[in-house]
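S.K.: Dropping a structure here in structure tokens format, bear with me for questions.
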Amino acid sequence: MALPTLDRGLLFLVAILAPLRIFNLCSRLLRGGIVRGRLRAARSVVLVISVVVLLASIFSLSDTYPSERSAVIAEMEDLRLKTARLEFILEDSTKALSSTTFHLEQRDKLLEEMEKKVRLMENAIYEVKIQLLFEQSMMNTDSIRSLESHADEAKEKMETAASEVQKLENIVTEQWIQIRQLEQAFQSTKMTTKKVLKRNRQKEEHKNQIPFKETVSKAFQFIRSTGHHASEVILADSFFLRASFSKSAIPEAYKQLKVFMSLVKKCHHELQDSIRHDLKMNEFTADLGNDFVVFYLVCSLYDDGHFSSNYLDCIFMVLQPLDTAFNT
């Protein structure tokens, strides 16, 4: 009677503890993660199998002999110990798995944080690159504008230089034309001067104004012809060749000489004024219209007309002492 009572007690204990164990396992499955749930599900399956085996053993005990029951009980005790050991191993494995899962989760979090940092760094790099590209684009734009402005300035300078060159060409052409005109004017002035000199010589010939020696001889003839009307005065001068002259007739001859020289001076000054006027009419020879150049041109014209300026100088040198003597 004691054995059936023990069996009933064991069955009652198993009937109470098995649902509690199953409920505990279900709650852990609901609270745990996927990996933990799988481990606990495996452990629950092992426990359920153990309970089934235990119940089957208990139910089979009622039909066996007492010696067999003791063997079965020993075997069940051994199974219980194994089950406890398996539960302990399973618990350790669960803890190790939980620790590994925790480390994996931490590593996943760290990887996520690192990925976030990498994305932030990539975004920052992209922003820096975009900023650099934008600045480079602005610099290129400024450079392009500067080059365009320099090109425009160079084009304007080239156009200005071309216009200046064109103006210079026009000026050179005009100056060449003026030089040709000046040459023609010079030739015309030279011809005009020769004509004026010729006309003056013709006028002098018509007025019986001959060269100096003939004029002086005529003056001496006039003095000799008029000498018998005045008192004779003997002049001891080699210039008058020891002749007898009336002193009142000498001033008359000198007066005629002065008239002749005044005409020569007048023609000389008119010729100078004509040449000076022709030189100043052209802008290229206006600066040459001074006294020295005009005198040189007049002298050269005199030389061409066989009327040397040295001859005039000789006349002036002769007249100067005469003028001084008669004035005194």
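Position 78, counted from 1, in the sequence shown is what the UniProt record's numbering calls 78; the numbers after and before it change by one each time, with no gaps.
Glycine is no exception: its CB is placed at the ideal position from the N, C-alpha and C atoms.
Just the Cα atoms here: how many angstroms apart are residue 92 and residue 133?
M.R.: If you take the alpha carbons of residue 92 and residue 133, they lie about 59 Å apart.
S.K.: Where does residue 138 sit, in a helix, a strand or coil, going by DSSP?
M.R.: Residue state, collapsed to three classes: helix.
S.K.: For residue 170, count the other beta carbons within 10 Å of its own beta carbon; 16 or more makes it buried, fewer makes it exposed. Which is it?
M.R.: Counting Cβ neighbours within 10 Å, residue 170 comes out exposed, since fewer than 16 surround it.
S.K.: In whole angstroms, what is the alpha-carbon distance linking residue 128 and residue 139?
M.R.: For residue 128 and residue 139, the distance between alpha carbons rounds to 16 Å.
S.K.: DSSP three-state label for residue 290, please.
M.R.: Coil at residue 290, not helix or strand.
S.K.: Beta-carbon separation of residue 297 and residue 286 under 8 Å?
M.R.: It is not a contact, given that the beta carbons lie outside the stated cut-off.
S.K.: With 16 as the cutoff for other CB atoms within 10 Å, does residue 314 come out buried or exposed?
M.R.: Residue confidence is low: residue 314 scores 43 on pLDDT, short of 50, so the model does not pin down where it sits. Its coordinate-derived value is still stated next. By the neighbour-count rule (16 or more Cβ atoms within 10 Å), residue 314 is not buried but exposed.
S.K.: Using a threshold of 8 Å, state whether the C-beta atoms of residue 193 and residue 271 are closer than that.
M.R.: Yes, the pair counts as a contact, with Cβ atoms nearer than the cut-off.
S.K.: For residue 294, I'd like the list of residues in its chain whose CB is within less than 6 Å of its CB, leaving aside the five on either flank, ordered along the chain.
M.R.: 272, 275 and 276, listed in sequence order.
S.K.: If you count every other CB in all the chains shown that lies within 10 Å of the CB of residue 95, and 16 or more means buried, which is it?
M.R.: Exposed.
S.K.: Give me the Cα-Cα distance between residue 187 and residue 158, rounded to the nearest whole angstrom.
M.R.: Their backbone Cα atoms lie some 42 Å apart in a straight line.
S.K.: Helix, strand or coil for residue 191, going by three-state DSSP, please let me know.
M.R.: Three-state result, residue 191: helix.
S.K.: Given this structure, state the Cα-to-Cα distance separating residue 202 from residue 255, to the nearest angstrom.
M.R.: Cα-Cα distance, rounded: 22 Å.
S.K.: Expressed to the nearest angstrom, what Euclidean distance is found between the alpha-carbon atoms of residue 121 and residue 87?
M.R.: Taking the straight line joining both Cα atoms gives about 49 Å.
S.K.: Identify whether residue 281 lies in helix, strand or coil by the three-state DSSP scheme.
M.R.: Reduced to three states, the DSSP call for residue 281 is coil.
S.K.: Run the CB neighbour count on residue 290, radius 10 Å, all protein chains shown included, and call it buried at 16 or more, exposed below.
M.R.: So residue 290 counts as exposed.
S.K.: Hey, how far is the Cα of residue 266 from the Cα of residue 259?
M.R.: Going by the C-alpha atoms only, they are around 10 Å apart.
S.K.: Under 7 Å Cβ to Cβ from residue 213, same chain only, skipping five residues before and after it: list those, please.
M.R.: Low confidence applies here, because residue 213 scores a pLDDT of 46, under 50, leaving its location unreliable; read the following figure in that light. If we look at residue 213 and ignore the five residues flanking it on each side, it has no Cβ neighbours.
S.K.: Between the alpha carbons of residue 160 and residue 178, how many angstroms are there, rounded?
M.R.: If you take the alpha carbons of residue 160 and residue 178, they lie about 26 Å apart.
S.K.: Expressed to the nearest angstrom, what Euclidean distance is found between the alpha-carbon atoms of residue 89 and residue 123?
M.R.: Cα to Cα, the separation comes out at about 49 Å.
S.K.: Count the other CB atoms within 10 Å of the CB of residue 147; is the residue buried (16 or more) or exposed (fewer)?
M.R.: By the 10 Å Cβ count, residue 147 comes out exposed.
S.K.: With burial defined as no fewer than 16 other Cβ atoms inside 10 Å of the residue's Cβ, what is the status of residue 76: buried or exposed?
M.R.: Classification of residue 76: buried, given that the 10 Å Cβ count is 16 or more.
S.K.: Could you compute how far the alpha carbon of residue 78 sits from the alpha carbon of residue 97?
M.R.: Near 27 Å, if we compare the C-alpha coordinates of residue 97 and residue 78.
S.K.: Along the chain, which unbroken stretches of the alpha helix (DSSP H) at least 4 residues long are found entirely within the stretch 102-174?
M.R.: The stretch 102-174 contains no whole alpha helix (DSSP H) run of 4 or more residues.
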